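**Student:** Here it is: the structure, laid out below.
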Amino acid sequence: MASRRFTFLAVWHGVLGLQRQKPHSWHFDRLREEEQELREAQAYLEKISEASDVIFSISRAQHDGFNIQPLPSFFDRKYMLAYPYMFGKFSSRWLFYITASLLCRAPHIVREVVNPTKNEKLLQVATRHQIDPVRFTRALVDRTLVGDKSGKTGNFWHFLPTGFDSISHDLSTPRSSLWRDTHIPLRYG
Numbered sequence: 036m037a038s039r040r041f042t043f044l045a046v047w048h049g050v051l052g053l054q055r056q057k058p059h060s061w062h063f064d065r066l067r068e069e070e071q072e073l074r075e076a077q078a079y080l081e082k083i084s085e086a087s088d089v090i091f092s093i094s095r096a097q098h099d100g101f102n103i104q105p106l107p108s109f110f111d112r113k114y115m116l117a118y119p120y121m122f123g124k125f126s127s128r129w130l131f132y133i134t135a136s137l138l139c140r141a142p143h144i145v146r147e148v149v150n151p152t153k154n155e156k157l158l159q160v161a162t163r164h165q166i167d168p169v170r171f172t173r174a175l176v177d178r179t180l181v182g183d184k185s186g187k188t189g190n191f192w193h194f195l196p197t198g199f200d201s202i203s204h205d206l207s208t209p210r211s212s213l214w215r216d217t218h219i220p221l222r223y224g
């Protein structure tokens with residue numbers, strides 16, 4: 036069973052296509068941070084989320100060629116729910132960044148899995164990929180809210196494990212004017 040898990044994780048990491056992090060210390064530091072957050076987690080769902088971060092850190096390091104620690108068993112009660120949670124959590128983040136990069140017409144596809152609910156992380160990702168941060172965050176928010184007159188944000192993305200409901204709170208550009216600026220024209224025939 037373990038070889039199937041490793042094969043699946045290798046394929047999944049290949050699909051994610053994240054930039055390889057070369058220094059061993061980068062992976063080691065991320066793992067230590069995630070293990071600390073797991074120890075500090077209080078609520079049950081928070082523990083599952085943090086355990087999924089630990090598994091992701093280990094599996095990403097292994098995918099990048101660094102065996103910093105063995106992966107926890109899928110059948111360990113502490114990690115049994117963390118594996119499927121990890122796939123949903125990081126796959127939805129990955130999909131968020133790909134979708135946002137397509138909608139804002141970025142020069143290339145953005146492949147990231149950092150938490151997009153933290154505005155400073157979104158700004159870092161946009162800067163790292165030379166994309167206008169306002170355009171990057173607003174492109175997806177405006178397109179998921181087209182036709183919504185309630186003023187609520189995150190109608191679609193808040194159902195995913197990453198909770199995208201806060202990404203537009205600090206942006207001051209009115210939705211309607213930005214929508215006109217970033218509208219993709221339809222092509223017929």
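Under the numbering used here, the sequence shown has 185 at position 150, and the numbering climbs by one with no breaks.
Using N, Cα and C, we set each Cβ at its ideal position, and we do this for glycine too.
Here the structure is a predicted model, which means the values were calculated and not measured.
#1: Taking one C-beta from the stretch 110-122 and one from the stretch 55-65 each time, how about it: are there three or more such pairs within less than 8 Å?
#2: I need the straight-line Cα distance from Glu72 to Phe43, nearest angstrom please.
#3: For Asp64, count neighbouring Cβ atoms within 10 angstroms of its own Cβ and tell me buried if that reaches 16, exposed if not.
#4: Mark Asp111 as exposed unless 16 or more other C-beta atoms lie within 10 angstroms of its C-beta, in which case mark it buried.
#5: Which same chain residues, not among the five before or five after Ala174, have their C-beta less than 7 Å away from its C-beta?
#6: Excluding the five sequence neighbours on either side, which residues of its own chain have a C-beta within less than 6 Å of the C-beta of Val145, listed in chain order?
#7: Here's a check: name, in chain order, each residue in its chain whose Cβ is nearer than 6 Å to the Cβ of Leu158, leaving out the five neighbours to either side.
#8: Would Pro151 be called buried (16 or more neighbouring beta carbons within 10 Å of its own) or exposed?
#9: If I'm right that Ala76 touches Glu70 with Cβ under 8 Å, what's the distance once you round it to whole angstroms?
#10: Compute the distance between the beta-carbons of Leu66 and Gln104, then report whether it is under 8 Å.
#11: Under a three-way DSSP split, which group does Ile90 fall into?
#12: Ile83 and Pro107: beta carbons closer than 8 Å?
#13: On a Cα-Cα basis, can you pick out the residue from His143, Val148, Ala45 and Arg170 that is closest to Trp129?
#14: For Thr162, is the classification buried or exposed, using 16 other Cβ atoms within 10 angstroms of its Cβ as the cut-off for buried?
#15: Have a look at Lys153 and Val160 and give me their C-alpha separation to the nearest angstrom.
#16: Classify Thr152 as helix, strand or coil using the three-state DSSP reduction.
#17: Classify Ala141 as helix, strand or coil using the three-state DSSP reduction.
#18: Can you tell me the Cα-Cα spacing of Ala117 and Glu81, whole angstroms?
#19: May I ask which residues mark the beginning and end of the alpha helix (DSSP H) holding Glu75?
**Tutor:** Looking at the coordinates:
#1: no
#2: As a working note, residue 72 is residue 37 in the sequence shown. As a working note, residue 43 is residue 8 in the sequence shown. Cα-Cα distance, rounded: 26 Å.
#3: In the sequence shown, the residue the question calls residue 64 occupies position 29. Asp64 is exposed by the Cβ-count criterion.
#4: Counting from one through the sequence shown, the residue named residue 111 turns up at place 76. Exposed, because fewer than 16 other Cβ atoms sit within 10 Å of the Cβ of Asp111.
#5: By 1-based counting over the sequence shown, the position of residue 174 is 139. Hits under 7 Å: Ala135, Leu138, Cys139 and Thr217.
#6: Here residue 145 refers to the residue found at position 110 of the sequence shown. Excluding residues within five positions, the ones whose Cβ falls inside 6 Å are Tyr132, Ser136 and His164.
#7: Stepping through the sequence shown from its first residue, residue 158 is reached at position 123. Result list for Leu158: Pro168, in chain order.
#8: Along the sequence shown, read from residue 1 onward, the residue named residue 151 stands at position 116. Buried, by the Cβ-count rule.
#9: Here residue 76 refers to the residue found at position 41 of the sequence shown. Here residue 70 refers to the residue found at position 35 of the sequence shown. In fact, because the Cβ distance is near 11 Å, the residues do not count as touching under 8 Å.
#10: Locating residue 66 in the sequence shown gives position 31, where the first residue counts as 1. Locating residue 104 in the sequence shown gives position 69, where the first residue counts as 1. Against a cut-off of 8 Å, the Cβ pair of Gln104 and Leu66 comes out as a contact.
#11: If you number the sequence shown from 1, residue 90 lands on position 55. In this structure, Ile90 counts as helix in the three-state DSSP scheme.
#12: In the sequence shown, counting from the first residue as 1, residue 83 sits at position 48. In the sequence shown, counting from the first residue as 1, residue 107 sits at position 72. Contact: no.
#13: Counting from one through the sequence shown, the residue named residue 129 turns up at place 94. The option with the nearest alpha carbon to Trp129 is Val148.
#14: Taking the first residue of the sequence shown as position 1, residue 162 is located at position 127. Exposed.
#15: For this step, residue 153 is matched to residue 118 along the sequence shown. For this step, residue 160 is matched to residue 125 along the sequence shown. Spanning the two alpha carbons is a distance of roughly 11 Å.
#16: Mapped onto the sequence shown, residue 152 falls at position 117. Note: Thr152 maps to coil in three-state DSSP.
#17: The residue given as residue 141 occupies position 106 in the sequence shown. Ala141 falls in the coil class under three-state DSSP.
#18: Along the sequence shown, one-based indexing puts residue 117 at 82. Along the sequence shown, one-based indexing puts residue 81 at 46. If I take the Cα positions, the gap works out to 10 Å.
#19: Within the sequence shown, numbered from 1, the residue matching residue 75 stands at position 40. Segment His59 to Glu75, the alpha helix (DSSP H) holding Glu75.
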